[in-house]
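Notes for the one structure printed next.
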Amino acid sequence: MEPITSRSTFRTNEIKALTACKHETVKIWDMSSADLFLEKCFQFAHSDVITGSAASLTNDYIFLTCSLDKSCLIWDDREIRSALELSKWKMYNFHYDYMKSKYKENIALNYVDTDSFIYDIETNDLYDDIRDDINYHFDTSAYPNQNIFNFPLLNKKVLGMMKDECNGKIMKEFIGLRPKMYSFKIDEGGGESKKIKGVKHCVTAKLTVADFKKCLFQKELHYDSMYVFRSKVHQLYTQHISTLVLSYSDDKRYASQCVPGPFELSRLTIPHSCANGFLADPPVANPPSADNAVNIGTKGRNRPSFGIEIILGIAAATLPLLLILNFECIAF
16 MEPITSRSTF RTNEIKALTA CKHETVKIWD MSSADLFLEK CFQFAHSDVI
66 TGSAASLTND YIFLTCSLDK SCLIWDDREI RSALELSKWK MYNFHYDYMK
116 SKYKENIALN YVDTDSFIYD IETNDLYDDI RDDINYHFDT SAYPNQNIFN
166 FPLLNKKVLG MMKDECNGKI MKEFIGLRPK MYSFKIDEGG GESKKIKGVK
216 HCVTAKLTVA DFKKCLFQKE LHYDSMYVFR SKVHQLYTQH ISTLVLSYSD
266 DKRYASQCVP GPFELSRLTI PHSCANGFLA DPPVANPPSA DNAVNIGTKG
316 RNRPSFGIEI ILGIAAATLP LLLILNFECI AF
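Just so we're aligned: the sequence shown equals residues 16 to 347 in our numbering.
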């Protein structure tokens with residue numbers, strides 16, 4: 016149990032309580048039932064041990080906390096946002112207010128995750144375009160000191176800044192099969208990068224971009240084996256398992272066709288003929304045809320892809336709206 020250092024009850028709402036512990040965590044509890052229910056948890060509320068807390072006598076949402084370093088904070092429960100909400104706001108703001116407004120129809124979103132974008136941008140000089148916005152949007156600390164773009168090294172590990180994951184090198188090929196399952200190839204001898212969630216690094220290291228292409232266009236599933244640790248009844252043991260590594264079928268969403276660029280998907284009705292394949296195992300799923308996927312790649316073959324990531328202190332869940340894209344496509 017956590018070492019509680021302070022407890023308070025909201026006088027105007029006696030079913031609501033506030034606790035603080037020495038691990039810099041503040042929690043708000045719902046006491047309306049027999050069991051306590053955790054409403055909100057604020058980790059790292061202070062930089063030191065929280066020594067006291069007090070709830071407002073007249074307002075259900077205002078409370079105060081103080082810590083060992085003599086700092087005091089006044090909180091408004093209605094204005095506090097979680098890391099997920101902040102992540103969504105930052106991602107949406109950067110994509111729509113900055114990238115889309117700057118490049119209009121010359122930008123395509125190939126892949127998006129909680130904290131990263133992979134773009135396909137058509138422009139004369141991408142790095143010259145963003146030069147004037149480095150102070151406000153980008154972390155350039157990972158670039159070489161004498162980089163060819165003459166970028167100053169700014170905003171190192173500043174929260175909310177976007178960072179070029181390739182550090183100035185061009186991403187010339189990208190393949191996205193499913194969420195958390197993609198690969199890309201970097202130009203100028205930068206090698207390849209493969210990302211597969213839930214698969215050991217020793218298995219991922221054996222794969223190449225060609226394996227991702229084969230899975231996508233030839234509809235071939237890729238299995239491999241690995242050793243994992245398991246725990247059962249407090250007994251640890253090693254197990255050798257066979258697992259699905261690459262799959263062309265995404266069973267969490269459905270798109271009627273694979274179209275280039277971003278598209279709206281509102282209240283999609285899945286045809287009855289596809290319903291069985293939609294939730295079935297990958298071998299019997301009905302993904303879009305490979306021909307349509309090839310057309311996407313040939314449209315912008317000479318356009319470089321630009322990988323960036325946003326630095327966030329806490330990882331959060333995936334973004335539901337931005338992820339309404341067809342991942343069965345290849346962009347060059």
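We treat Cβ as the ideally placed atom computed from N, Cα and C, and that holds for glycine.
Just the C-alpha distance for residue i and residue j, rounded to the nearest angstrom, thanks.
i, j, result
"S262", "C230", "7 Å"
"H110", "I122", "10 Å"
"A300", "S264", "Caution applies to A300, whose pLDDT of 38 falls short of 50 and renders its modelled position unreliable; the model cannot decide the point."
"M106", "T80", "31 Å"
"F132", "E180", "10 Å"
"D148", "A70", "42 Å"
"E120", "M196", "27 Å"
"M114", "M177", "12 Å"
"Y151", "S116", "16 Å"
"K171", "S102", "19 Å"
"D140", "R146", "10 Å"
"T73", "A60", "23 Å"
"N236", "P194", "Per the sequence shown, residue 236 should be read as Leu rather than Asn. One C-alpha to the other measures close to 16 Å."
"F153", "Q58", "27 Å"
"V127", "K221", "25 Å"
"K247", "F166", "53 Å"
"W104", "S68", "30 Å"
"H249", "D112", "51 Å"
Identify the residues that DSSP records as bridge partners of residue i: which are they?
i, result
"H255", "Y242"
"Y197", "G191, K210"
"D92", "None; D92 has no bridge partner."
"C217", "Answer is none; C217 lacks a bridge partner."
"L124", "Y134"
"K31", "D45"
"Q250", "K247"
"F52", "D45"
"D154", "K178"
"T66", "Answer by DSSP bridge pairing: none, since T66 is not bridged."
"I77", "D91"
"N237", "As written in the sequence, residue 237 is His, which differs from the Asn given in the question. According to DSSP, H237 bridges with L261."
"F109", "In DSSP, F109 forms no bridge with anything."
"F57", "V41"
"T24", "A32"
"S82", "I65"
Leaving out five residues before and five after residue i in sequence, what residues of the same chain have Cβ atoms less than 8 Å from its Cβ?
i, result
"E207", "S198, F199, K200, I201, T223, V224"
"S62", "E39, S82, D84, S86"
"W44", "K31, A32, L33, T34, L51, F52, L53, E54"
"Y76", "D91, D92, R93"
"L88", "A60, H61, L79, T80, C81"
"S358", "Because the chain in this structure spans residues 16 to 347, residue 358 falls outside the shown range and cannot be described."
"P159", "N182, G183"
Ordered along the chain, which non-local residues of its own chain (more than five positions away) have a Cβ less than 6 Å from that of residue i?
i, result
"D143", "none"
"K215", "M241"
"W90", "F78"
"F164", "Y142"
"C217", "none"
Quick one: residues in its chain with C-beta nearer than 7 Å to the C-beta of residue i, no 5 flanking neighbours on either side, listed in chain order?
i, result
"G118", "What sits at residue 118 in the sequence shown is Tyr, not Gly. Excluding residues within five positions, the ones whose Cβ falls inside 7 Å are I136, T138."
"K234", "Y263"
"F244", "L251, T253"
"N162", "G183"
"C56", "T40, K42"
"T219", "K209, I211"
"D226", "H237, L261"
Going by CA-CA distance only, name the one from the options that's closest to residue i.
i, options, result
"E100", "K187, I30, T129", "T129"
"G205", "F153, T219, I185", "I185"
"I256", "S246, H249, Y238, V248", "Y238"
"K37", "M46, V64, L88", "V64"
"T66", "K103, T73, W104, S23", "S23"
"Y134", "K103, P159, G191, C217", "G191"
"L259", "V248, K212, H249", "K212"
Contact check, residue i vs residue j under 8 Å by CB: the rounded distance?
i, j, result
"S156", "L174", "That belief does not hold up - the Cβ atoms of S156 and L174 are roughly 13 Å apart, past 8 Å."
"N125", "F189", "6 Å"
Tell me, please, whether the CB atom of residue i is closer than 8 Å to any CB atom in chain D?
i, result
"A220", "Checking the listed chains, one finds no chain D in this structure; it contains a single protein chain."
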